[in-house]
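Read in the UniProt record's numbering, the sequence shown has 302 at position 302, and its numbers run on one by one without any break.
Quick reminder that beta carbons are idealized off the backbone N, C-alpha and C, glycines included.
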Amino acid sequence: MSGKVFVVGVGMTKFEKPGSREWDYPDMAREAGTKALEDAGIDYREIEQAYVGYVYGESTSGQRALYELGMTGLPIVNVNNNCSTGSTALFLAAQAVRSGSAACALALGFEKMQPGSLGSTFDDREQPMLRHLLALAELQEFALPPAPYMFGAAGKEHMERYGTTAKQFARIGVKNHRHSVNNPYAQFQDEYTLEEVLAAKTIYGPLTKLQCSPTSDGSAAVILAGEDFVDRHGLGDQAVELVGQAMVTDMNSTFDDKSAISLVGADMTRKAAEKVYVQAGITADDVDVIELHDCFSTNELLTYEALGLCGEGEGGKLVDNDETTYGGRWVVNPSGGLISKGHPLGATGLAQCSELTWQLRGTADARQVASAATKDGVALQHNIGLGGAVVVSAYRPANR
């Protein structure tokens, strides 16, 4: 990594149940983008490039969304990378700043979703996930809907290999719902007992409804800038440095391993995390707070291991020992995660970045992780989209 990159402004909307609020994607983008600009204390005219992420929408929806903030002629790039769309927009904006192509860039994501399980839009061509689904069907009997089937099958495989229990997966759901109680941006802010999570409707395998992320409407925005921009605008006290970032897509091992765990991206995550740790000069032990892609509770546990928080097969022990909540070694998903905060696909990665920025600034209110708000605080972000791409990012306070 050459030039330094800093997060100088963040903003997001509350994540909502689809159809529960009278708004459209331009309204969402205006709200999130305006908050990010106000947070940075800059005018939209200072943004030199913008990357706008969404999964469900027509071409150039990114332009229409940003026209709510202004029409300055800046380059606007539309981004779609499945559930990792938001962090992909962030990755591209960071590249623009790091390379010197832009002194200040905006990454914004939004989604206006249909209620219910995710569906396809184009049925006259091969679905991009078909190869993954066919490979998984050779390992475990196919079921619908596809997303919980894939991540539920990976959870079942982990149970068979390592003795992980349905109760351990359910405890992750309990934790994330409990964390969301303190997040005003979360779609759900209800706490559940372990018994309630286990007794909820079974979706697939060990997964019950309260361990699955919901469809959501919402938007989030992040403003990135280089060192000179931060100095000129006096943003050092609020800036958060992006000290490591990597994107990894599927590798041969995704299919060659003949493993449901590999098919849902564990190898991608592991490789991306290894790159980020080297770039940032840290290990998993240096991290204080983590926002990771808990689209399903099973994936949170798999990601513990892929990020190196523990050894392979030991994720259940972290859960049993409360190592991933307040009072433990790490606080994972203080926002409530995708399970409880919600999952508007294009916005998720940028909402994760927003939460970690607040944590490192010490402005996360009742969700605050104390160790993150010190000069030595380290935050880690993980966002995955099957088919596939993973983005892992590491952050530290600028004036540490």
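Query: On the criterion of 16 or more Cβ atoms from any shown chain inside 10 Å, does THR60 qualify as buried, or is it exposed?; Result: exposed
Query: Give the list of continuous alpha helix (DSSP H) stretches no shorter than 4 residues that lie fully inside the region 299–337.; Result: 315–320
Query: Using alpha carbons as the reference points, say which of THR215, SER297, ASP286 and GLN359 lies closest to LEU198.; Result: SER297
Query: So what does LEU106 bridge to, in DSSP terms?; Result: ALA50 and ILE223
Query: Using the three-state DSSP reduction, which class does CYS83 fall into: helix, strand or coil?; Result: strand
Query: Closer than 6 Å by C-beta to ARG178: which residues in its own chain qualify, once you throw out the five before and the five after it? Chain order, please.; Result: GLU191
Query: Would you report the Cα separation of ARG21 and VAL8, rounded to the nearest angstrom?; Result: 29 Å
Query: For the beta strand (DSSP E) that contains ASN383, what are its first and last residues?; Result: 379–385
Query: Excluding five sequence neighbours on each side, which residues of the same chain lie with their C-beta closer than 6 Å to the C-beta of GLY62?; Result: VAL52, ILE76 and ASN78
Query: For MET1, name the three-state secondary structure that DSSP assigns.; Result: Its pLDDT being 42, under 50, MET1 is placed unreliably in this model, and the coordinates cannot settle the point.
Query: Could you give the distance in angstroms between the alpha-carbon of ILE261 and the alpha-carbon of GLU274?; Result: 18 Å
Query: Please report how far the alpha carbon of SER371 lies from the alpha carbon of GLY234, in whole angstroms.; Result: 25 Å
Query: Let's see if you can read the secondary structure: which residues bound the alpha helix (DSSP H) around PHE6?; Result: Here PHE6 belongs to no alpha helix (DSSP H); instead the beta strand (DSSP E) covers 6–12.
Query: Which residues mark the beginning and the end of the alpha helix (DSSP H) in which TYR66 is found?; Result: The amino acid occupying residue 66 in the given sequence is Leu; Tyr does not appear at that position. Counting along the chain, the alpha helix (DSSP H) containing LEU66 begins and ends at 61–66.
Query: Using the Cα positions of ARG396 and PHE142, report the straight-line distance between them to the nearest angstrom.; Result: 43 Å
Query: Please tell me whether GLU291 and GLN238 are closer than 7 Å, where the distance is taken between their beta carbons.; Result: no
Query: Which of helix, strand or coil does DSSP assign to VAL55?; Result: coil
Query: Does DSSP put VAL287 in a helix, in a strand, or in coil?; Result: coil
Query: Flag this pair as yes or no: are the beta carbons of GLN211 and GLY173 separated by less than 7 Å?; Result: yes
Query: What span of residues does the beta strand (DSSP E) with VAL392 cover, start to end?; Result: 389–397
Query: Mind checking which residues open and close the beta strand (DSSP E) that includes THR165?; Result: First-last for THR165: undefined, no H or E at that position.
Query: So, for ASP267: in the same chain, excluding its five sequence neighbours on each side, which residues have a beta-carbon less than 7 Å away from its beta-carbon?; Result: MET251, SER253 and THR254
Query: Any idea which residues DSSP pairs ASP217 with across the strands?; Result: GLU16
Query: Report yes if the C-beta distance between ILE42 and SER213 is below 7 Å; otherwise report no.; Result: no
Query: Under the three-state reduction of DSSP, which class applies to ASN183: helix, strand or coil?; Result: coil
Query: Could you check which residue in SER99, GLN49 and ASP294 has the C-alpha nearest to that of LEU345?; Result: ASP294
Query: Please state whether the Cβ-Cβ distance between ALA272 and ALA246 is less than 7 Å.; Result: yes
Query: Going by C-alpha to C-alpha distance, which of GLY327, ALA347 and ALA394 sits closest to LEU356?; Result: ALA394
Query: Please confirm if the region 128–137 is in contact with the region 386–393, defined as three or more CB-CB distances below 8 Å between the two stretches.; Result: yes
Query: As a quick exercise: from LEU108, ASP39 and GLY100, pick the residue whose alpha carbon is nearest that of GLU68.; Result: LEU108
Query: Would you list the residues sitting across from ASN78 in a DSSP beta bridge?; Result: VAL52
Query: Between LYS175 and THR325, which are expected to be in contact by the criterion C-beta below 8 Å, what is the C-beta distance as a whole number of angstroms?; Result: 5 Å
Query: Taking Cβ to Cβ, would you say residue 401 is nearer than 7 Å to SER180?; Result: The requested residue 401 does not occur in the structure, where the chain is confined to residues 1 to 400.
Query: Could you check the C-alpha separation between GLN114 and TYR149 for me, to the nearest Å?; Result: 20 Å
Query: In terms of DSSP beta bridges, what is PHE142 paired with?; Result: Its beta-bridge partners do not exist; DSSP assigns none.
Query: Report yes if the CB atom of ALA347 is closer than 7 Å to the CB atom of PHE110, and no otherwise.; Result: yes
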